[in-house]
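Engineer: Before I ask anything, here is the structure I am working with.
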Amino acid sequence: MLLGASNLSIMFPHVIKTLRAAHARPLEVLVAKGPGRSYGQESKFFGKKFSGVLQCDLWQALDAARAPKTSAIVGDVGNDLAYETPVQRIVDWIETALDRLAQHDAQVVLNNIPIEALRSVGAARYLLLRSILFPSCTLPRREMLRRAEHLDEALRRLSESRKTPIFSGKTAWYGLDPIHPRRAWAGRIWQQMIGALVGVEGELELTRATFSEAILLHRLKPHAWVQLGLQRRARQPAARFADATTIALY
1 MLLGASNLSI
11 MFPHVIKTLR
21 AAHARPLEVL
31 VAKGPGRSYG
41 QESKFFGKKF
51 SGVLQCDLWQ
61 ALDAARAPKT
71 SAIVGDVGND
81 LAYETPVQRI
91 VDWIETALDR
101 LAQHDAQVVL
111 NNIPIEALRS
121 VGAARYLLLR
131 SILFPSCTLP
141 RREMLRRAEH
151 LDEALRRLSE
161 SRKTPIFSGK
171 TAWYGLDPIH
181 PRRAWAGRIW
191 QQMIGALVGV
201 EGELELTRAT
211 FSEAILLHRL
221 KPHAWVQLGL
231 QRRARQPAAR
241 FADATTIALY
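So this is what it looks like as structure tokens:
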């Protein structure tokens with residue numbers, strides 16, 4: 001299972017190809033992603049509206065799958081800070097996701113926010129990025145950073161209490177944008193997280209998708225979304241491969 005937002009969306013083709021290369025068996029991949037995706041509420045991004053990760057039909061699909069082994073990456077946790085969601089509520093949402101995964105004895109890794117990169121953002125850059133990425137957000141830089149520090153600490157405690165590996169991006173991976181790593185470094189966090197899932201010490205080599213493979217995977221439609229006010233639906237799984245691997249998006 002892959003849970004996330006824009007970082008998952010950007011790296012999605014390479015993540016899928018790396019997962020397939022790391023397993024010698026067909027995979028049933030369930031995905032909840034989308035730019036600006038929230039874990040617990042509806043979110044909008046350039047005319048598209050998605051339900052929260054917790055509210056989408058991925059969880060019913062997981063219950064119906066009855067897979068012998070379940071693994072999950074819980075990523076892109078920080079978006080809800082920009083929606084001015086209280087930190088404790090965000091943590092509660094992540095705990096709910098982890099509780100649901102625990103019902104399936106899932107092996108889980110958690111993607112923390114890149115707190116060091118966020119600390120490096122000055123006032124002018126913060127206002128510029130906030131106006132572009134999250135124009136509805138009104139939190140001043142100091143308050144946003146205070147909440148980010150609180151969330152970082154809470155997620156680390158959650159990781160420790162649940163014995164769940166946690167990974168965070170390094171400052172050197174980021175440029176002007178402190179949320180999305182630069183292209184040359186964008187795969188590093190995924191190498192670490194996928195490596196932890198498959199039991200590789202250190203970083204797993206990222207298997208990059210070809211251009212045509214990336215186009216195919218980026219064009220897959222989710223089970224349900226709203227675009228320009230119209231409800232849209234697509235049958236799942238959205239993709240089937242020759243080795244019987246399937247991908248379903250929610």
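The numbers in my numbering rise by one with no breaks, and the one at position 149 of the sequence shown is 149. Ideal placement from N, C-alpha and C gives every residue a C-beta, glycine not left out. Predicted model, so just to flag it, every value in this text is computed and none were measured.
Would you give the residue range spanned by the alpha helix (DSSP H) that Lys-48 belongs to?
Structural biologist: Premise fails: Lys-48 lies in the beta strand (DSSP E), 48 to 50, not in any alpha helix (DSSP H).
Engineer: Is it the case that the Cβ atoms of Asn-112 and Ile-189 are separated by a distance below 7 Å?
Structural biologist: In this structure, Ile-189 does not lie closer than 7 Å to Asn-112 by Cβ.
Engineer: If you run the structure through DSSP and keep just helix, strand and coil, what is Phe-211?
Structural biologist: Three-state DSSP puts Phe-211 in a helix.
Engineer: Looking at Gln-236 and His-223, is the spacing between their C-beta atoms short of 7 Å?
Structural biologist: Yes, these two residues count as a Cβ contact at 7 Å.
Engineer: Among the candidates Ala-82, Val-109, Glu-143, Arg-25, whose CA atom is the shortest distance from the CA of Ile-132?
Structural biologist: Per the Cα distances, Ala-82.
Engineer: With three or more C-beta pairs closer than 8 Å as the rule, is the stretch 54 to 68 touching the stretch 27 to 38?
Structural biologist: With a cut-off of 8 Å, the stretch 54 to 68 and the stretch 27 to 38 count as touching, because enough Cβ pairs lie within range.
Engineer: Count the CB pairs spanning the stretch 143 to 150 and the stretch 166 to 184 that are closer than 8 Å, and state whether there are at least three.
Structural biologist: No, the stretch 143 to 150 does not touch the stretch 166 to 184.
Engineer: Taking the straight line between their C-alpha atoms, what separation do you get for Asp-76 and Ala-239?
Structural biologist: If you take the alpha carbons of Asp-76 and Ala-239, they lie about 23 Å apart.
Engineer: Which term fits His-218, buried or exposed, when burial requires 16 or more other beta carbons within 10 angstroms of its beta carbon?
Structural biologist: Per the 10 Å Cβ criterion, exposed.
Engineer: Roughly how many angstroms lie between the CA atoms of Ala-184 and Pro-86, to the nearest whole one?
Structural biologist: Cα-Cα distance, rounded: 33 Å.
Engineer: Please name the residue, chosen from Ala-24, Phe-211, Ile-194, Val-226, that lies closest to Leu-110 on a Cα-to-Cα basis.
Structural biologist: The candidate whose alpha carbon is nearest that of Leu-110 is Ile-194.
Engineer: What do you reckon, are the CB atoms on Pro-35 and Ala-117 nearer than 7 Å?
Structural biologist: Their beta carbons are not under 7 Å apart, which means Pro-35 does not touch Ala-117 by this criterion.
Engineer: Rounded to whole angstroms, what is the Cα-Cα separation between Ile-10 and Asp-80?
Structural biologist: For Ile-10 and Asp-80, the distance between alpha carbons rounds to 19 Å.
Engineer: For Ala-124, name the three-state secondary structure that DSSP assigns.
Structural biologist: Ala-124: helix per DSSP, three-state reduction.
Engineer: Please state whether DSSP places Ile-132 in a helix, a strand or coil.
Structural biologist: DSSP places Ile-132 in helix when its eight states are reduced to three.
Engineer: For Ala-234 versus His-14, is the C-beta distance shorter than 7 Å?
Structural biologist: No; because the gap between Cβ atoms is not below 7 Å, this pair is not in contact.
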